[in-house]
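Peer 1:
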Amino acid sequence: MHPDKSPGPDGMNPAFFQKFWHIVGDDVSAACLKFIQHCEFPVGLNENLLILIPKTPNPNHITEFRPIALCNVIYKIVAKMLANRLKLVLGSIISESQSAFIPGRSITDNVMISAEVMHYLKRKRQGREGAAALKIDMSKAYDRIEWNFLSSVMLKMGFSSDFVKLIMLCVSTVTYKIPRDGLEIGPLAPSRGLRQWDPLSPYLFIICAQGLSSLINHYERASLLHGIRIARGAPCLTHLFFADDCFLFFKTSDKEASVMKAALTLYGAASGQRVNFDKSSISFSANTNKEVEHSICSLLGVRGTVNHGNYLGLPSFIGRSKSTVFRYIRERVWKRLQGWNQKLLSRAGKEILLKTVAQALPIYAMNTYLLPMELCREIERMMNSFWWGRTGPGNGGIIWMKWDRMCKPKTHGGIGFKRLHMFNVAMLGKQGWRLLTNPNILVARLFKARYYPNTSFAEARLGSNPSYVWRSILTAHPAIIRGGRIQIGGGRQTVIGSAPWLPDKDNGFISSTIPANITAATVDSLMVPNQRKWDYDVVKDIFNNRDRDLIFRIPLGSRRDHDTWFWLPDSKGLYTVRSCYRMLDSLLPPPNSSAWRKLWQLPVPAKVKNFLWRAMANVIPTSDNLLQRRVEVQTLCPICHSSSESILHILVTCHFAKSCWISSVIGFNGTCLTFVQWMEDLFGRCTINECSLAAMICWGLWLNRNNKVWKGVNGRVQSLLNVAGQSLFFWQQARKSDSFPPPVPVSSAHGSVCWEKPGAGWYKCNVDAALVRPRGLISFGAVIRSAGGEFIEAKNDILPGSFDPREAEALGVKEALSWLKNFSFKSVVLEMDSLLVFNALHDKLDYPNGFGSVIADCRALAQSLGEVAFSFVRRSANSAAHTVAWVGSSLSGAGEWSFVPPPWLCNSLAA
363 MHPDKSPGPD
373 GMNPAFFQKF
383 WHIVGDDVSA
393 ACLKFIQHCE
403 FPVGLNENLL
413 ILIPKTPNPN
423 HITEFRPIAL
433 CNVIYKIVAK
443 MLANRLKLVL
453 GSIISESQSA
463 FIPGRSITDN
473 VMISAEVMHY
483 LKRKRQGREG
493 AAALKIDMSK
503 AYDRIEWNFL
513 SSVMLKMGFS
523 SDFVKLIMLC
533 VSTVTYKIPR
543 DGLEIGPLAP
553 SRGLRQWDPL
563 SPYLFIICAQ
573 GLSSLINHYE
583 RASLLHGIRI
593 ARGAPCLTHL
603 FFADDCFLFF
613 KTSDKEASVM
623 KAALTLYGAA
633 SGQRVNFDKS
643 SISFSANTNK
653 EVEHSICSLL
663 GVRGTVNHGN
673 YLGLPSFIGR
683 SKSTVFRYIR
693 ERVWKRLQGW
703 NQKLLSRAGK
713 EILLKTVAQA
723 LPIYAMNTYL
733 LPMELCREIE
743 RMMNSFWWGR
753 TGPGNGGIIW
763 MKWDRMCKPK
773 THGGIGFKRL
783 HMFNVAMLGK
793 QGWRLLTNPN
803 ILVARLFKAR
813 YYPNTSFAEA
823 RLGSNPSYVW
833 RSILTAHPAI
843 IRGGRIQIGG
853 GRQTVIGSAP
863 WLPDKDNGFI
873 SSTIPANITA
883 ATVDSLMVPN
893 QRKWDYDVVK
903 DIFNNRDRDL
913 IFRIPLGSRR
923 DHDTWFWLPD
933 SKGLYTVRSC
943 YRMLDSLLPP
953 PNSSAWRKLW
963 QLPVPAKVKN
973 FLWRAMANVI
983 PTSDNLLQRR
993 VEVQTLCPIC
1003 HSSSESILHI
1013 LVTCHFAKSC
1023 WISSVIGFNG
1033 TCLTFVQWME
1043 DLFGRCTINE
1053 CSLAAMICWG
1063 LWLNRNNKVW
1073 KGVNGRVQSL
1083 LNVAGQSLFF
1093 WQQARKSDSF
1103 PPPVPVSSAH
1113 GSVCWEKPGA
1123 GWYKCNVDAA
1133 LVRPRGLISF
1143 GAVIRSAGGE
1153 FIEAKNDILP
1163 GSFDPREAEA
1173 LGVKEALSWL
1183 KNFSFKSVVL
1193 EMDSLLVFNA
1203 LHDKLDYPNG
1213 FGSVIADCRA
1223 LAQSLGEVAF
1233 SFVRRSANSA
1243 AHTVAWVGSS
1253 LSGAGEWSFV
1263 PPPWLCNSLA
1273 A
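First residue of the sequence shown: 363, per this note's numbering; consecutive thereafter.
This is the structure we're talking about:
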């Protein structure tokens, strides 16, 4: 839990429990388990403080307040335990039309489907029957849930009575107290409803909503309702839910409208829900008769509309003028920037606000829609003006640097802002990647039937009369194909010559000239029959050196039969917006100086680092820079009056600055021609503490120059040095003391420095791998020792393949686990010196790339062995396995290598 969440009635927030967990942890755990095992709560555990937050500046009615229920932390722990168990099964019992709170489903699915349906209604101009989309508004949806209905639905779904009893205990024992003028009103005991801030409430609400979904499906099976099918072969849509946001679809007839209203009435009578028809709306397809529209609107008591407005916070209908539709994003950014302009902010503060707030405002819309290029440029111009201090359009000020230059990474001399259009494409790539890798989800089946019925997303084209959502997603198609690769499993789904299955970052297709019959064959024809191994002779005969080496870098797992897509730019093979953005921005040349990276690593205040960045980028308002921008100023240095003022002069070579450097521990170096060169020299010859002091001195020199220009006051050398040193010291001490609440301890693998004996009854197997790159081989070694440290047995072997170090280490672990099956050990510690492999073995994620295939094999082998514990150790403590691995590489003929074997290794080497 976040440590600073509001406390409940007991007055203790999560930070209290986290800080004193070593004292109260065991008691809290025992109490929570006791509550669950005995299905009873002590008095006061489920009490809540009901805080009323005003929705309007001067509220006069209770409806103008937003109630926030503050629970006790211990109750939250119990509720979270139940919620974690509950959400594991929701994906299999909740209809695919519900996207809220289900792992693997996304709010953007509903946005994309609704936009596609609205586009279908607009273009449907033929046919005898029309289609209707009814958007309903549930009034106080969470507050009206009947508890008996919730219990009945859960029992009907198959939950055990004990679990349902626990859930109802959490729901029905709640009481509220309302603090008012120092007093507490209450307790108030509700008889229905769910708290919106309870960890259980979102999951319980969608279980109740499943009742309406099942009722609609029942009427559909009875042919009383017919949904919308936007294309031949597309799934039929009768409803679309996201928690209490509902879209209902049916044919435009009074009969079906009556059935839909009867379903809503029946559901409301059972669950307590009430549809607010005044806030609901309905839209019709273009071929619907106006009289039919009027009849259905009168029957349902809703208003007809062409545009439902926003659905889930995004426009549900995109017309011709995209700039008009998305103008609200520009207005929101502009409003934020105008508010910030009234505050005194350093440029470091502006950087944080721009990155975390201003650039984040368009992200939700960027998930689904491609924002117009002009809108992106306009937002970037606004942010650039705000960064350089302009308070609005038309006001004076110098834009010292173009936005494109500021968008470069910090290691390349930029400030790390995002290019909005490029980031938009990376965000849309996430939706395209889901369509490619999850073809069975509802949104993927719908888009496939509409736009690429006979191919996959990889071969999809724009098609005729596409929606704006599809146009947007397709802009990311080249990026997805550029970064996506196919991991070979069984090899039967991938064609050799027409799929990107080679792990090359520039080109995943084969480049060899091979016969057409081989090009059209599948990859499994390159494997040994009935084995998950490459046929090395066949591969060497058919492919050129480049393709052959890439093929031999692909590890083949034995437990994945299907070929799967993985994202090559990410080490885990999972698509991330960050990796896609970096891939799109990968045309940058190498950084022209190493000083940029070291600058941002200095332990100094952020405003000082920002000042040094501007100095190194030559965008500080010195006289020479102002003259270049046609500002009439005095050219001479305001301190020495003997030379023109430049950044290098005012911070390094001026007699005052020179005296400061000579008097400090850093010393003076006046041979550099630019300030960047001076910083490179500083980082090369000084320690990190000396570099930090130098940064503070530069900051002091600039402040002294400004005091001289604007106040006519010039400081003294020793005073400046004292202030710089004291400022750095107090800032570092403040950073050290700002540690409450402390971070919660988590299990991390630091690794032992020396080999340690396993526990009693356990055996320890150390494993390591070595690369034999000249011959395209890897060697692995494993050593088993008992709880007393006695040598049991050792093994090494050679495996073909030009693998990367990470894959080689994982293959070594896999071979060691296979070897351990020959022994009858009940408890084994498998110790390795690869932190990447260790973390992957403990990670709950399933990596789709080749590394993930080997890790999946390792997990399965470990489960088959019994009790296996993985351990990370530093290489110095893994020398035995490391030696055995390199012995194997030496005996393979990789080169001359000799050593005196230790006694514990003699028996293994003799064998």
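Built from N, CA and C at the ideal position, the CB exists for glycine as well.
#1: Beta carbon of S678, beta carbon of A477: below 8 Å?
#2: Which residues share a DSSP beta bridge with I547?
#3: Can you give me the Cβ contacts of N1069 inside the same chain, cut-off strictly under 6 Å, excluding the 5 residues immediately before and after it?
#4: Would M1194 and V1216 be called neighbours here (beta carbons separated by less than 8 Å)?
#5: Tell me the residue span of the alpha helix (DSSP H) that contains Y813.
#6: Rounded to a whole number of angstroms, what is the C-alpha to C-alpha distance between K1206 and G630?
#7: Tell me which same chain residues have a C-beta within less than 7 Å of the C-beta of S920, skipping the five on either side of it?
#8: Please classify G373 as buried or exposed, where buried requires at least 16 other C-beta atoms within 10 Å of its C-beta.
#9: Whose CA, out of Q849, D903, Y943, lies closest to the CA of H783?
#10: Nearest by alpha-carbon distance to L1227: which of K1183, L414, G681 is it?
#11: List the DSSP bridge partners of Q849.
#12: Between which residues of its own chain and V1230 is the CB-CB distance below 7 Å, once the five residues before and five after are set aside?
#13: Measuring only the C-alpha atoms, how far is W832 from G778?
#14: Excluding five sequence neighbours on each side, which residues of the same chain lie with their C-beta closer than 7 Å to the C-beta of I456?
#15: Under DSSP, the beta strand (DSSP E) around R1304 begins and ends at which residues?
#16: For H1244, does the count of other Cβ atoms within 10 angstroms reach 16, so buried, or fall short, so exposed?
#17: Using 10 angstroms around the beta-carbon of I578, count the other beta-carbons present and answer buried if the total reaches 16, otherwise exposed.
#18: Short of 7 Å in beta carbon distance, which residues of its chain neighbour A883, apart from the five on each side in sequence? Order them along the chain.
#19: To which residues of the same chain is I835 closer than 6 Å at the C-beta, ignoring the five residues directly before and after it?
#20: Have a look at S647 and I592 and give me their C-alpha separation to the nearest angstrom.
#21: Starting from M443, trace the alpha helix (DSSP H) both ways and give me its first and last residue.
#22: For V526, tell me which candidate among T537, W509, R542, S860 has the shortest Cα-Cα distance.
#23: Is the segment 1074–1088 touching the segment 986–997, taking contact as three or more C-beta pairs under 8 Å?
#24: Which runs of the beta strand (DSSP E) fall wholly inside the segment 695–738 and span at least 3 residues, in chain order?
#25: Considering just the uninterrupted stretch of the alpha helix (DSSP H) at V1038, what are its terminal residues?
#26: What residues in its chain sit with their C-beta under 8 Å from that of F611, if we drop five residues either side in the sequence?
#27: Spatial neighbours of A1242 within its chain, please: CB distance less than 6 Å, with the 5 preceding and 5 following residues excluded, ordered by chain position.
#28: Pairs of beta-carbons, one from the segment 518–536 and one from the segment 439–451, closer than 8 Å: are there three or more?
#29: Who are the Cβ neighbours of A1056 in its own chain at under 6 Å, not counting the five residues just before and after it?
#30: Between A720 and the rest of its own chain, which residues show a CB-CB distance below 7 Å, the 5 nearest in sequence each way excluded?
#31: With the cut-off set at 8 Å, would you say G336 and A811 are in Cβ contact?
#32: In chain order, what residues of the same chain lie with their CB nearer than 6 Å to the CB of P724, ignoring the 5 residues before and after it?
#33: Check each candidate in R557, I436, Y437, S391 and name the one with the smallest Cα separation from L412.
#34: Should the segment 1116–1133 be regarded as contacting the segment 1143–1157, the criterion being three or more beta carbon pairs within less than 8 Å?
#35: DSSP on T997, reduced to helix/strand/coil?
#36: Would DSSP call L412 helix, strand or coil?
Peer 2: Straight from the coordinates:
#1: Looking up residue 678 in the sequence shown gives position 316. Looking up residue 477 in the sequence shown gives position 115. In contact: S678 and A477 (Cβ atoms closer than 8 Å).
#2: On the sequence shown, residue 547 is found 185 positions in, with the first residue counted as 1. The beta-bridge partner set that DSSP reports for I547 consists of I540.
#3: The residue you call residue 1069 lines up with position 707 of the sequence shown. Counting only Cβ-Cβ distances below 6 Å, and skipping sequence neighbours, we find V1075.
#4: Mapped onto the sequence shown, residue 1194 falls at position 832. Mapped onto the sequence shown, residue 1216 falls at position 854. Their beta carbons are not under 8 Å apart, which means M1194 does not touch V1216 by this criterion.
#5: As a position in the sequence shown, residue 813 is number 451, starting the count at 1. DSSP places Y813 in the uninterrupted alpha helix (DSSP H) bounded by 804–813.
#6: Start at 1 with the first residue of the sequence shown, and residue 1206 comes out as number 844. Start at 1 with the first residue of the sequence shown, and residue 630 comes out as number 268. Going by the C-alpha atoms only, they are around 40 Å apart.
#7: Sequence index remark: in the sequence shown, residue 920 carries index 558 (1-based). When the five nearest sequence neighbours on each side are left out, the beta carbons in the same chain lying within less than 7 Å of the beta carbon of S920 are those of R894, D1219, in order along the chain.
#8: Translated into the one-based positions of the sequence shown, residue 373 becomes position 11. The residue is exposed, with fewer than 16 neighbouring Cβ atoms inside 10 Å.
#9: Counting from 1 along the sequence shown, the entry for residue 783 is found at position 421. Nearest C-alpha to H783: Y943.
#10: Reading the sequence shown from its first residue, position 865 is the one you call residue 1227. If we check each option's Cα against that of L1227, K1183 comes out closest.
#11: Numbered from 1 along the sequence shown, position 487 holds the residue referred to as residue 849. Answer is T926.
#12: Residue numbering aside, residue 1230 sits at position 868 when the sequence shown is read from its first letter. Answer for V1230: V1190, L1192, A1224, listed in chain order.
#13: If you number the sequence shown from 1, residue 832 lands on position 470. If you number the sequence shown from 1, residue 778 lands on position 416. About 30 Å.
#14: For the purposes of this step, residue 456 is identified with residue 94 of the sequence shown, where counting begins at 1. Here the set comprises I464, I568, Q572.
#15: This structure cannot settle anything about residue 1304, because the visible part of the chain is limited to 363 through 1273.
#16: Your numbering for residue 1244 matches position 882 in the sequence shown. H1244 is buried by the Cβ-count criterion.
#17: On the sequence shown, residue 578 is found 216 positions in, with the first residue counted as 1. Its Cβ being crowded by 16 or more others within 10 Å, I578 is buried.
#18: Numbered from its first residue, the sequence shown carries residue 883 at position 521. Excluding sequence neighbours, A883 sits near I858.
#19: By 1-based counting over the sequence shown, the position of residue 835 is 473. Correct list, in chain order: L790, Q793, G794.
#20: For this step, residue 647 is matched to residue 285 along the sequence shown. For this step, residue 592 is matched to residue 230 along the sequence shown. Approximately 11 Å between the Cα atoms of the pair.
#21: As a first step, residue 443 is located in the sequence shown; it is residue number 81 there, counting from the start. Run containing M443: 435–455, per the alpha helix (DSSP H) assignment.
#22: Walking along the sequence shown from the start, residue 526 turns up at place 164. Nearest C-alpha to V526: W509.
#23: No, the segment 1074–1088 is not in contact with the segment 986–997.
#24: For the segment 695–738, there is no continuous beta strand (DSSP E) assignment of 3+ residues that stays within its boundaries.
#25: Taking the sequence shown and counting its residues from 1, one reaches residue 1038 at position 676. V1038 -> alpha helix (DSSP H) spans 1037–1047.
#26: Start at 1 with the first residue of the sequence shown, and residue 611 comes out as number 249. Closer than 8 Å at Cβ, skipping near neighbours: V479, A493, A494, A495, L496, G589, I590, L599, T600, H601, L602.
#27: In the sequence shown, residue 1242 corresponds to position 880, counting from 1. Correct list, in chain order: N1128, V1145.
#28: yes
#29: Here the question's residue 1056 lines up with position 694 in the sequence shown. If we look at A1056 and ignore the five residues flanking it on each side, its Cβ neighbours are I1028, L1044.
#30: Here the question's residue 720 lines up with position 358 in the sequence shown. Cβ neighbours of A720 beyond the five flanking positions: V695, R698, L699, M745.
#31: The requested residue 336 does not occur in the structure, where the chain is confined to residues 363 to 1273.
#32: Translated into positions along the sequence shown, residue 724 becomes position 362. Within the same chain, P724 has close Cβ partners I691.
#33: As a first step, residue 412 must be located in the sequence shown, where it is residue number 50. L412 has its Cα closest to that of R557, out of R557, I436, Y437, S391.
#34: At 8 Å Cβ cutoff, the stretches touch.
#35: Within the sequence shown, the letter at position 635 stands for residue 997. T997 falls in the coil class under three-state DSSP.
#36: Locating residue 412 in the sequence shown gives position 50, counting from the first residue. It is a strand residue.
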